[in-house]
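For the protein sequence lines, the chains are A and B, in the order given.
By the working numbering, the letter at position 24 of the first sequence is numbered 124, and the numbering carries on one by one without gaps.
By the working numbering, the letter at position 359 of the second sequence is numbered 391, and the numbering carries on one by one without gaps.
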Amino acid sequence: MKKLKENIINFLDNHMPIVFPAPAMITLFIVVIFPIIYNIYMSFNKWKIGLGSPKFIGLQNYIEAFSDPRFWNGLKVMFFFSSLSLSLEITLGLLIAVYFNKEFKGSNFVQTIYIFPFAATPVAIALIWRIMLNPQIGVLDYFLNLVGLPGSLWISDARTVIISLVLVDVWKWTPMIVLIILAGLKSLPKDPYEAAVIDGANAFHIFSYITVPLIQPVLITALTLRSLDNLKEFDIIYTITQGGPGIASETLYLYSYKTAFSFFNAGYGSTLIIIVFLLVLLFNVAMNKIRYRTEGP
Amino acid sequence: MFTTIVALADINWRQFEGVEIRLLMNKHPFTTFIEPKLPEFEGKTGIKVTMEVYPEDQFRDKRLIELNAGGKVDGYMIMPGQAKLHYWKAGWLAPLEGYMTDPDLTDIKEWDLGDFFAGPMKGARIEGHQIGVVINAEASLLSYRKDLFERFNVKVPETMEELEEAAKFFHKKVVDEKEMIGITLRGKDAAATSQFVDFLYSFGGSWTDEKGNANIASAESVEAFKFYGKLLREYGPKGATMYHWAESTSTFMDGTAAMIFDANVFKSLYENPKESKVVGKVGYTTIPAGPGGKLPHVSNWSLAVSGAATPECQKATWLFIQWATSKENVLGSFLSGVPAGRESSWNDPAFVSTDKTPDWTKGSLDSFAIGQPQWNPPVLNVSEIRDIVGQVIVDSIEGKDVANSAKAAAELMNKKMEK
């Protein structure tokens, strides 16, 4: 008995680099790596949930995707939604962060209040926005009418639905960008600013020739972090429009969810999600390349 | 002789004493009614029932995942028009006709199969097999503000032309300082198809033709799409493309719409003084007749036995279904607000003497009598095809070229239909 105990202790001592991370690695394998591998495997299969077993069909799902008009629609919506919301969030985030970086009376209070949208549960705020964006009973149309502007159909019109969703996304996530950029601004060296003031630079010059270049690595980090979520935005879009009207706001991510869980095509659904996964990966590799170029590895 | 009569009139309800069954239920008013009565069934049969109840969306997911995983599910609720083909092909539905006619398992006289409405029961049949017993019957009705129709002397629509005229008359009319909406309907893509189908049929259109190919681009079907879209575009609420039943019924209950066409079950909302401003002001009638006639759909929730359960559990579950759909229980749930699938409930003095909306009763019964049980496209992938059809409804509301949109949708439908 004593010997067995010693043996176990000896084994643990000798294999510490394997034993200690093992629980974490096993969990990671079960909840992350295995599902990804299984997903990739499923993407080469045809499988209607409940009807028989998965059948291997090679690349057929991928070929189908490229001739599926709904796939291209999803890609277009995803591109339009993400490029618009990400660029607005970064631009507004930078401007607001620069403003918050100055000391003013009550700045702490304003900053705290400003974090609220970011801290709120996405589904809860999406439900409220859904009511506000309703042209019949929503408050947004009421305000537009108050200032003499014509109302909008917002999410009920295929032409304005994505812009309306971008509005919600920007409202919710810009505060996160502000937080990241603000942290970056606080750590910037003071000397270049002092030198610029002595040289007679105005506020615009300081912003565009000193702040922006210095803060660029932080901007890229913020963009990378935000894009990870934004490219697979689900909760806000699903809660507000479910991809409608029709498929006007159906991103590729949403389409893959519907394919798997409403249409029960687990194989094709996996294919679509793998394509989303590859696109997100590609975008992040590109962002990393840019980051290395600006600040070195 | 006496014993023979007793044997014929009753069955041994305790033949599966000690058996445990597990049921998956949708959070439906019928479930709310039956769940507290389970101890009565358990006492009567000695069968132990585990009933799990989930809100509708989760319920559908849960049911699918559990049946697919092969866990212990002995019975469940199903909307046959939505899922029967898929579930039947997957082997998840047990045929019930054998049980229904087995004198050892069914108190044939007391349970009285002939008392159920034929349309909904037909909806729960597939390939000649009965796969469910209806627990409610649902049809859609035109509900209108009878106070305003009387005040302005407007005829209650009996044809589609009259429907449009009435909608036109009330739309944007200021009544008691409030600007009215002519009519409210579901406009949200796939969700709208379950109401649009009544227009489709009444205009002479159909989901598929005799050969089983998509028929949504036929001249009659296109007319139906155009009419439905025009009603919403010209006389409907703003932003109708996002209108599910919740938005549509809210608009009507708020008192801003003169008419609504939606499921008859929503009477319980319109007539609820806590939620509605139109209590006692609503009249009910069947769908107006179109060029193809007056052809509403009729749908239902049913109770089914899992095809994958053990024979003993299947039979025990059948006893549960027989008990839950007895005349007494169906009447009880009817009086609590679930439109009954049994004729006797509608004729029962307990209902007739307290019926405050006889026009609703008449409209519902007339619709059940002529109702079409096939209210969804007759395919396996119902949701996917409903999405495709829903796009045409949205395009029509937005005033796009309906014929082209329907043609594109029909092509896509032919490509995607699974049977």
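Glycine included, every Cβ here is placed at the ideal spot set by N, Cα and C.
Where Asp294 (chain B) is concerned, the enclosing beta strand (DSSP E) starts and stops at 289–295. Listed in chain order, the beta strand (DSSP E) elements of length 3 or more contained wholly in the stretch 205–279 of chain B are 213–216. Against chain B, a Cβ distance below 9 Å from Gly150 (chain A) picks out Leu96, Leu99, Asn100, His118, Tyr119, Lys121, Ala122, Gly123, Trp124. Proximity of Gln236 (chain A) to chain B, defined by a Cβ-Cβ separation below 8 Å, is satisfied. Tyr233 (chain B) and Val210 (chain A) have their alpha carbons spaced roughly 59 Å apart. For Phe134 (chain A), the enclosing alpha helix (DSSP H) covers residues 134–142. Secondary structure in the stretch 158–188 of chain B: the alpha helix (DSSP H) runs of 4 residues or longer, each lying completely within the stretch, are 178–183 in chain order. Less than 8 Å divides the Cβ of Ile157 (chain A) from the Cβ of Asn145 (chain A). Under the Cβ distance rule, Ile347 (chain A) counts among the residues neighbouring chain B, one pair being separated by less than 8 Å.
Residues are counted here when their Cβ sits less than 8 Å from a Cβ of chain B; for the stretch 252–269 of chain A these are Leu253, Trp254, Ile255, Ser256, Asp257, Ala258, given in chain order. Gly152 (chain A): member of the beta strand (DSSP E) spanning 151–156, first to last residue. Proximity to Glu350 (chain A) across A:Phe120, A:Val177, A:Leu195, A:Asn161 peaks at A:Val177, based on C-alpha coordinates.
The beta carbon of Ile43 (chain B) lies closer than 8 Å to those of Pro135, Asp136, Leu137, Thr138, Asp139 in the same chain, with the five residues before and after it left out. Around the beta carbon of Asn446 (chain B), fewer than 16 other beta carbons sit within 10 angstroms, so the residue counts as exposed. Going by beta carbons, Leu263 (chain B) and Ile213 (chain B) fall outside the 8 Å limit. Taking 8 Å as the threshold, the shortest C-beta distance from Pro405 (chain B) to chain A does not fall below it.
Under the criterion of beta carbons closer than 8 Å, Ala336 (chain B) and Leu125 (chain B) qualify as touching, at roughly 6 Å. Selection B:Leu397, B:Ser338, B:Phe366, B:Gly373 evaluated against Met57 (chain B) yields B:Ser338 as nearest (Cα-Cα). Leu56 (chain B) has B:Glu84, B:Tyr108 as its beta-bridge partners, per DSSP. Beta-bridge partners of Gly315 (chain B) (DSSP): B:Tyr176. In the structure shown, the three-state DSSP call for Ser331 (chain B) is strand.
Apart from sequence neighbours up to five positions away, the residues of its chain that approach Gly324 (chain B) with a beta-carbon distance below 8 Å are Tyr233, Ser234, Phe235, Gly236, Gly237, Glu252, ordered along the chain.
In this structure the stretch 341–359 of chain A lies against the stretch 161–175 of chain A, because at least three pairs of beta carbons, one per stretch, are closer than 8 Å.
Within the same chain, Cβ atoms closer than 7 Å to the Cβ of Glu129 (chain B) are found at His161, Gln162, the five residues on either side in sequence being excluded.
If you look at Lys358 (chain A), you'll find it in the alpha helix (DSSP H) that goes 352–361. For Ala224 (chain A), the three-state secondary structure derived from DSSP is helix.
Residue pairing by DSSP leaves Lys286 (chain A) without any beta bridge partner. A check of alpha carbon separations from Glu193 (chain B) across B:Phe231, B:Gln227, B:Val426 identifies B:Phe231 as the nearest.
For Glu211 (chain B), no CB of chain A lies under 8 Å from its own CB, so it is not counted at the interface with that chain. Taking a 10 Å sphere around the C-beta of Val411 (chain B), we find 16 or more other C-beta atoms and assign the residue as buried.
In terms of Cβ geometry, Phe148 (chain B) and Gly373 (chain B) form a close pair [threshold 8 Å]. The beta-carbon of Pro410 (chain B) is placed no less than 8 Å from the nearest beta-carbon of chain A. Contact with chain B is absent for Phe181 (chain A), since none of that chain's Cβ atoms lies less than 8 Å from the residue's Cβ. Burial state of Val278 (chain A) is buried, judged by a 10 Å Cβ sphere holding 16 or more other Cβ atoms. For Ser362 (chain A), the neighbours in chain B by C-beta distance under 7 Å run, in chain order, Ser415. Beyond the five residues adjoining it in sequence on each side, Asp221 (chain B) comes within less than 7 Å, by CB distance, of Asp419, Gly422, Gln423, Ile425, Val426 in the same chain, given in chain order.
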